[in-house]
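Only one structure is covered here, and it is reproduced in the block below.
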Amino acid sequence: MQTIATRAWRIPQLIRNIYTTRVSAAGKNITVSPPLPDKLHDLIYAFRESKVLFAACDLGIFDILQDSDAPQSVEDMSSKIGSNADATACFMDTLVALELLEKTKQDGSWLYSNSNIAKQFLSKSSPHSVYGYIKHSNEVIYPIFGNLESAIREGSNQWMRTFNLSSEDFFKSSYNTEEDRIRFQSAMHSTSRHFCHAVVTAFDLSSFENCCDLGGGMGTMAYTLCQYYPNMKITVCEVQSVVDSARHFHPLLEDYPNQGNISYVVGDFFQTDLPKADLYILSRILHDWPIEKVELILSNVIKCLPSGTYLALLAGIYNGN
8 MQTIATRAWR IPQLIRNIYT TRVSAAGKNI TVSPPLPDKL HDLIYAFRES KVLFAACDLG
68 IFDILQDSDA PQSVEDMSSK IGSNADATAC FMDTLVALEL LEKTKQDGSW LYSNSNIAKQ
128 FLSKSSPHSV YGYIKHSNEV IYPIFGNLES AIREGSNQWM RTFNLSSEDF FKSSYNTEED
188 RIRFQSAMHS TSRHFCHAVV TAFDLSSFEN CCDLGGGMGT MAYTLCQYYP NMKITVCEVQ
248 SVVDSARHFH PLLEDYPNQG NISYVVGDFF QTDLPKADLY ILSRILHDWP IEKVELILSN
308 VIKCLPSGTY LALLAGIYNG N
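Start counting the sequence shown at 8; every next residue gets the next number (our numbering).
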C-alpha cells in the first residue's frame with residue numbers, strides 16, 4: 008500500500024505515463040507534449056532528493072533508528088526529534104520512497120526502520136558512514152552552489168558572497184577549535200576512504216620507498232597505502248592543528264598492522280621546505296584554491312622533486328562521456 012507522500016513523490020513519472028496512454032487510447036492523432044526524458048526529470052528533481060537526505064541526517068533520523076531496539080512509529084520519531092507529527096509522517100514516507108527507510112505494518116501500526124543503505128552508510132556509528140561529508144555538503148557545498156550563476160558571470164569563487172569570508176579565511180575558520188577541525192576532517196575522511204582503495208590499486212607503487220601525502224588530513228590515504236605496501240614509509244604533511252587532532256582517527260592495529268610506517272610531520276605546502284620523498288601525493292587539494300595558489304603549491308612541490316620522483320594529483324573530474 009502506497010501512502011499519499013509516496014504517490015506524490017512519483018507524480019512526475021505518473022504524468023509521463025498518462026501522456027503516453029492518452030495517445031495510445033485515443034485512436035487518433037492528438038498533439039501532446041512529448042514525455043519528459045528520464046535524464047532531464049532526474050536533473051530537475053535531484054536537488055530535492057539531496058535536501059531530503061541532508062535533512063534526515065541533520066535531524067538524526069538514521070541514528071535514532073539505528074540505536075533503537077525495534078522499528079519506530081511516527082509518534083516515536085516525532086517525539087524524539089521534537090517535530091510536527093503530520094510533517095514527520097510525510098517526511099518518513101518520502102525516505103521510504105527514496106529507499107533509505109523501510110516501512111512495515113505491525114498490529115495495525117506502521118513502523119519504520121533503516122534500509123541496508125542507511126545502516127551501512129548513513130548512521131554515525133557505522134564504520135563506513137559518510138555522515139560527515141553529508142553534513143559538510145549541507146552546510147557548505149549546498150549553500151555555495153546557490154551562487155553558481157554569479158560564479159559563472161564573474162568567473163570567481165563565491166565564498167565571500169555565500170559566507171562573507173574569503174576561501175582562505177573560510178578554511179582557516181574550519182580549524183579554529185579542535186571541534187571544528189574534527190568536524191571538517193571527519194567530512195573529508197568519510198568520503199576519502201571510499202575511493203582510496205581504488206586509487207591505490209590503480210597503480211603499481213611498489214618501486215617507491217618513501218611517500219609524502221601533502222595535506223593528507225587524518226591519514227586516510229596513508230593508512231590505505233600501508234595496507235598494500237607494507238615496506239613503504241609514508242609521511243603525512245599537515246598543519247600543526249591537524250596533526251594534533253589526528254589521534255582521533257587512528258584505526259585499529261589489527262586492521263592496519265603496518266601503521267607504524269606512517270609518520271606525521273608539521274608542514275605547509277605553501278612553503279618550500281617539504282619532506283623528502285620519491286612519491287608526492289596531492290589529493291583533493293587544488294580545487295579549493297585560486298589559480299595563483301595552485302601555481303604556488305605545484306611550484307613548491309616541483310622544487311622538491313629530484314630525478315626519478317613522481318607527483319600524483321588526485322581530483323574529481325568529469326568523464327567526457
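Glycine included, C-beta positions come from ideal geometry on N, C-alpha and C.
request  = Reducing DSSP to helix, strand and coil, say where Leu21 ends up.
outcome  = Only weak support is given to the placement of Leu21: the predicted model assigns it a pLDDT of 49, under 50, and the question is left unresolved by the model.
query = What's the C-alpha gap between Thr231 and Ala194?
reply = Roughly 17 Å separates the two Cα atoms.
query = Sorted by chain position, which residues of the same chain lie with C-beta nearer than 6 Å to Ile22's C-beta, five sequence neighbours on each side aside?
reply = Here Ile22 scores only 48 on pLDDT, less than 50, and its place in the model should not be relied on; the value that follows carries that caveat. Closer than 6 Å at Cβ, skipping near neighbours: no residue.
request  = Give the straight-line distance between the Cα atoms of Ile25 and Leu47, rounded to the nearest whole angstrom.
outcome  = Note on Ile25: pLDDT 48, under 50, position unreliable in the model; the coordinate value appears next. Inter-residue distance for Ile25 and Leu47 is about 18 Å (C-alpha atoms, whole angstroms).
message = Counting C-beta neighbours from all protein chains within 10 Å, is the total for Gln143 16 or more, i.e. buried, or is it exposed?
response = The question names Gln, but residue 143 is His in the sequence shown. With 16 or more other Cβ atoms from the protein chains shown falling within 10 Å of its own Cβ, His143 counts as buried.
key: N- and C-terminal bounds of the alpha helix (DSSP H) containing Tyr149   = Here the alpha helix (DSSP H) through Tyr149 covers 149-152.
task = Measure the C-alpha to C-alpha separation of Ala209 and Tyr119 and round it to an integer number of angstroms.
result = When rounded, the distance between both Cα atoms is 40 Å.
request  = Between the Cα of Thr169 and those of Ser157, Ser116, Leu43, spot the shortest distance and give me the residue it belongs to.
outcome  = Among Ser157, Ser116, Leu43, the Cα nearest to that of Thr169 belongs to Ser157.
Helix, strand or coil at Leu286 [DSSP, three-state] = Strand, per DSSP.
task = From the DSSP output, read off the bridge partner residues of Tyr119.
result = Residue pairing from DSSP places Tyr119 in a beta bridge opposite Gln79, Lys110.
ask   = Taking the alpha helix (DSSP H) that Val301 falls in, what are its first and last residues?
value = Note, Val301: alpha helix (DSSP H), 298-310.
request  = Identify whether Val246 lies in helix, strand or coil by the three-state DSSP scheme.
outcome  = Correct three-state label for Val246: coil.
query = Can you tell me whether DSSP reads Lys35 as helix, strand or coil?
reply = Here Lys35 sits in coil by DSSP.
task = Since I believe Ile141 is in contact with Leu72 (beta carbons under 8 Å), could you give me their beta-carbon distance rounded to a whole number of angstroms?
result = Contact between Leu72 and Ile141 does not hold, since their C-beta atoms are separated by about 16 Å, which reaches or exceeds 8 Å.
task = Figure out for me which residue from Val103, Val308, Phe191 has the closest Cα to the Cα of Cys218.
result = Of Val103, Val308, Phe191, the residue nearest in Cα terms is Val308.
key: Buried versus exposed call for Arg188 [16 or more other C-beta atoms within 10 Å across all chains shown]   = It counts as buried.
ask   = Val272 to Ser85, Cα distance in whole Å?
value = C-alpha separation (whole angstroms): 47 Å.
message = Using a 10 Å radius around the Cβ and a threshold of 16 neighbouring Cβ atoms, would you call Gln278 buried or exposed?
response = With fewer than 16 other Cβ atoms from the protein chains shown falling within 10 Å of its own Cβ, Gln278 counts as exposed.
query = Taking the alpha helix (DSSP H) that Ser57 falls in, what are its first and last residues?
reply = For Ser57, the uninterrupted alpha helix (DSSP H) segment begins and ends at 45-66.
request  = Look at the alpha carbon of Pro134 and the alpha carbon of Phe256, and state the distance between them as a whole number of angstroms.
outcome  = Near 11 Å, if we compare the C-alpha coordinates of Phe256 and Pro134.
Simplified DSSP assignment, three categories, for Leu320 = Reduced to three states, the DSSP call for Leu320 is strand.
message = Please state the DSSP three-state secondary structure of Tyr140.
response = If DSSP states are grouped into helix, strand and coil, Tyr140 belongs with the helices.
query = DSSP three-state call for Leu221: helix, strand or coil?
reply = Reduced to three states, the DSSP call for Leu221 is strand.
query = Would you call the segment 248-268 and the segment 197-212 in contact, with 3 or more CB pairs under 8 Å?
reply = Counting Cβ pairs under 8 Å, fewer than three are found: no touch.
message = For Leu66 and Val249, I'd like the C-alpha separation in whole angstroms.
response = Taking the straight line from one Cα to the other gives about 28 Å.
Per-residue burial, Ile324 [other beta carbons within 10 Å of its own, 16 or more giving buried] = No answer about Ile324 holds up, because its pLDDT of 49 lies below 50 and its placement is not dependable.
Rounded C-alpha distance that separates Ser290 from Ser40 = Computed Cα separation, rounded: 47 Å.
query = If we ignore side chains and look at the alpha-carbon of each, how far apart do Pro282 and Glu261 end up?
reply = Straight-line Cα distance between these residues: approximately 28 Å.
request  = Please report the Cβ distance between Tyr236 and Ser213, rounded to the nearest whole angstrom; I am assuming they are in contact, meaning their Cβ atoms lie under 8 Å.
outcome  = The beta-carbon separation of Tyr236 and Ser213, rounded to 6 Å, stays under the 8 Å limit for a contact.
ask   = Helix, strand or coil: which one does DSSP assign to Ile159?
value = In the three-state scheme derived from DSSP, where H, G and I count as helix and E and B as strand, Ile159 is classed as helix.
task = Compute the Euclidean distance between the alpha carbons of Lys110 and Ile292, then round it to the nearest angstrom.
result = Lys110 and Ile292 have their alpha carbons spaced roughly 41 Å apart.
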